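>
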Amino acid sequence: MLAAIQKALDIKGVHDPAARARWTRGMDLVARRESNYNANAINHWDSNAARGTPSRGVWQFIAPTFAAYHEPGTSTNIHDLVAQACAFINYARGHYGVAADASNLADLIQQADPRRSPRGY
């Protein structure tokens, strides 16, 4: 898991150690809360599944969201850890407005905040 996050941060050009630490902490927590680190996890019970687009993978993307935030040059396999990690960064930044240095990641995405209870993102 951590290796995939580090590779994604390299791909995204995040080199500052403090920024990498913030992204790593937040992304690791989201992965634990969303899928218990299971790259093959599929959610068959929520509203997305009822609509025919179950969330999948470590960070639990539905296919349309994964495709929209996919990082060019990474795998198109929704279960690929590096591809999902890059998509998570793109989604966090594009949808939630998370800063490139992740200084506001835990503030904007509750699943990434260890001080708050788990909540879907």
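Residues 70 to 190 in my numbering are what the sequence shown spells out, letter by letter. Each residue gets a CB set at the ideal place from its N, CA and C atoms; glycine is no exception. Note that this is a predicted model, so its numbers are computed, not measured.
(1) In whole angstroms, give me the CA-to-CA distance for residue 156 and residue 138.
(2) Which two residues bound the contiguous alpha helix (DSSP H) that contains residue 138?
(3) Starting from the C-beta of residue 180, find all residues in its chain whose C-beta is less than 8 Å away, skip the five residues before and the five after it, and write them out in chain order.
(4) Take residue 89 and list the residues in its own chain whose beta-carbon comes closer than 7 Å to its own, dropping the five residues that flank it on each side.
(5) Mapping DSSP to helix, strand and coil, what is residue 185?
Taking the definition as stated:
(1) Position 87 of the sequence shown holds residue 156. Position 69 of the sequence shown holds residue 138. Going from the Cα of residue 156 to the Cα of residue 138 covers about 5 Å.
(2) To locate residue 138, count along the sequence shown from 1; it is residue 69. Start and end: 132-138.
(3) Translated into the one-based positions of the sequence shown, residue 180 becomes position 111. Around residue 180: 98, 99, 102, 103, 187, 188, 189, 190.
(4) Taking the first residue of the sequence shown as 1, we reach residue 89 at position 20. Cβ neighbours of residue 89 beyond the five flanking positions: 78, 83.
(5) Taking the sequence shown and counting its residues from 1, one reaches residue 185 at position 116. Coil at residue 185, not helix or strand.
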